[in-house]
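K.L.:
FYI, the working numbering numbers position 283 of the sequence shown as 386, with every residue one higher than the one before it.
Just so it is clear, CB atoms sit at the ideal spot from N, CA and C, and this is done for glycine as well.
Remember, it's a predicted structure, so these values are computed and weren't measured experimentally.
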Amino acid sequence: MHRIMITAATYENVRQAVDYAFQLFPLELREKTILIKPNVLRAANQEEAITTHPSVLRAVVEKVRTMDPGSIIVGDNPGIFGYGENEESFKKTGLMEASLGYYQNIGNDSQKVDFNPDFVSSVSLSRTVMEADIIISLPKFKTHGLTVITGAIKNSYGFLPGAQKAKLHKAAGTPERFHEMLVEVFQLRVPDLFIVDAVVGMEGNGPASPDLRDIGLILASDNAVALDAVIATMMGCEPGRLRFLQKAKEAGLGDYDLSKVEIIGELKRIPDFKLPPFSGEANISNEALQEMIHKRTILRPQPDPELCTGCATCIDQCPVSALSMIDNLPQVDADVCITCFCCQEICPEKAITLR
Ligand code: SF4
Ligand code: SF4
Numbered sequence: 104m105h106r107i108m109i110t111a112a113t114y115e116n117v118r119q120a121v122d123y124a125f126q127l128f129p130l131e132l133r134e135k136t137i138l139i140k141p142n143v144l145r146a147a148n149q150e151e152a153i154t155t156h157p158s159v160l161r162a163v164v165e166k167v168r169t170m171d172p173g174s175i176i177v178g179d180n181p182g183i184f185g186y187g188e189n190e191e192s193f194k195k196t197g198l199m200e201a202s203l204g205y206y207q208n209i210g211n212d213s214q215k216v217d218f219n220p221d222f223v224s225s226v227s228l229s230r231t232v233m234e235a236d237i238i239i240s241l242p243k244f245k246t247h248g249l250t251v252i253t254g255a256i257k258n259s260y261g262f263l264p265g266a267q268k269a270k271l272h273k274a275a276g277t278p279e280r281f282h283e284m285l286v287e288v289f290q291l292r293v294p295d296l297f298i299v300d301a302v303v304g305m306e307g308n309g310p311a312s313p314d315l316r317d318i319g320l321i322l323a324s325d326n327a328v329a330l331d332a333v334i335a336t337m338m339g340c341e342p343g344r345l346r347f348l349q350k351a352k353e354a355g356l357g358d359y360d361l362s363k364v365e366i367i368g369e370l371k372r373i374p375d376f377k378l379p380p381f382s383g384e385a386n387i388s389n390e391a392l393q394e395m396i397h398k399r400t401i402l403r404p405q406p407d408p409e410l411c412t413g414c415a416t417c418i419d420q421c422p423v424s425a426l427s428m429i430d431n432l433p434q435v436d437a438d439v440c441i442t443c444f445c446c447q448e449i450c451p452e453k454a455i456t457l458r
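1) Can the beta-carbon of Q267 be found less than 8 Å from the beta-carbon of T231?
2) For L291, which residues in the same chain have their Cβ closer than 7 Å to its Cβ, ignoring the five residues on either side in sequence?
3) Any chance the CB of V435 is under 7 Å from a heavy atom of ligand 2?
4) Please list, following the chain, all residues that have a C-beta closer than 6 Å to any non-hydrogen atom of ligand 1.
5) Going by beta carbon distance, what residues of the same chain come within less than 7 Å of P181, once the five residues before and after it are set aside?
6) CA-CA distance, A112 and V333?
7) With distances taken from CA atoms, which of R458, Q420, G413, T253 is nearest E452?
8) Sort A327, I367, N148 by Cα distance to Q126 and report the nearest one.
9) Give the straight-line distance between the Cα atoms of V435 and D179, rounded to the nearest whole angstrom.
10) If we count the other Cβ atoms within 10 Å of its Cβ and call it buried at 16 or more, is L87 buried or exposed?
11) A269: beta carbon under 7 Å from a heavy atom of ligand 4?
12) Would you say I209 touches ligand 2, meaning its beta carbon is less than 7 Å from a heavy atom?
13) Does the distance between the C-beta of L426 and the nearest non-hydrogen atom of ligand 2 fall short of 7 Å?
14) Using 8 Å for Cβ pairs, my map puts F297 next to A323. What's the rounded Cβ distance?
15) Could you round the C-beta distance between K454 and P379 to whole angstroms and report it? I think they count as a contact, below 8 Å.
16) Is L198 helix, strand or coil when you go by DSSP?
17) Which parts of the segment 308–385 are runs of the alpha helix (DSSP H), unbroken and 4 residues or longer, counting only runs that do not cross its ends?
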């Protein structure tokens, strides 16, 4: 039986809830490499509640470092709105400070892995994700126009660096297939523990809605499917109608049937919780969304010959080896480039623009 912790918390006393989560879901961290992954959608003020709150991250980092780990990495790959702004996103949200020196731009180094060819034959995954012994995922309690909720399973979408996320959105084509593709990404490396920031949640048209809700809870589990079923139930959404939960159950990743879930705490539906306008019927053919995805997927880096010194730093740092030096100027292979913006970030001459 899956177990879900639901416990009261504020951002001031969140460490108690984090300690309780580790007590209920013990992990052996000694001498291991630990990746802690908050939800960092984009550079935003923490008051906007778009990202995991820094107090939650800080409490988890402080807890983990008491457990004698070999190393700690705090990282994420921001979403469609935040490509190329990894460090800025962490700084603006307060998550850089809360990382206590363990922040790493995990988009700088990635590894190609096989994927479900119904979507694409391979994806690039942050190498840190592949190499971590233990992954602790810190989702935010939020709504999402395409998936209704953004919780434990959706948080793993950030394991993919750069504009692959937009490309996969496009490859999925329909909301139903997007739900299925999310589970494919999640399965690449299932995290070991999930601690959800539901102290202040988001309702309405997430994942960046102005409608916030004081919920005053921290949720935790070692099973993402059951945890997302609880989040959906709290939001007033029947978990069994969410395609990504159906797919995750079919894949043997857990169960959304709450009769098979032990709740440690109290599960209550949040009164009058506002679900997204289309509650999962939001369509990838939505024109504004299509246009944004298109713009993000056609961008490619272009070095300025006047500024470029030919130092090759960008070529060395490209996570998918998409750049090569031709006539003393880096050239991009547009089919290989995942538009992660790392070359632009790293160029010492600021010679790269995205066109
Ligand atoms: S890092 Fe910048 S200066 Fe160096 S080769 Fe690349 S574009 Fe040119
Ligand atoms: S060429 Fe630049 S933007 Fe494209 S994948 Fe390489 S580092 Fe990322």
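P.N.:
With the given structure in hand:
1) no
2) Closer than 7 Å at the Cβ level, and outside the excluded window around L291, lie V216, L228, F262.
3) yes
4) P406, C411, T412, G413, C414, A415, T416, C417, P433, C450, E452, A454, I455
5) V143, L144, R145, E188, N189, S192
6) 17 Å
7) G413
8) I367
9) 25 Å
10) In this structure the chain extends from 104 to 458, so residue 87 is not present and cannot be described.
11) Judged by which ligands are present, ligand 4 is missing from the structure shown, whose ligands are ligand 1 and ligand 2.
12) no
13) yes
14) 6 Å
15) It is Ala, not Lys, that sits at residue 454 in the sequence shown. With a Cβ gap of about 41 Å, A454 and P379 do not count as contacting.
16) helix
17) If we require 4 residues or more, the alpha helix (DSSP H) runs fully inside the segment 308–385 come out as 327–338, 346–353.
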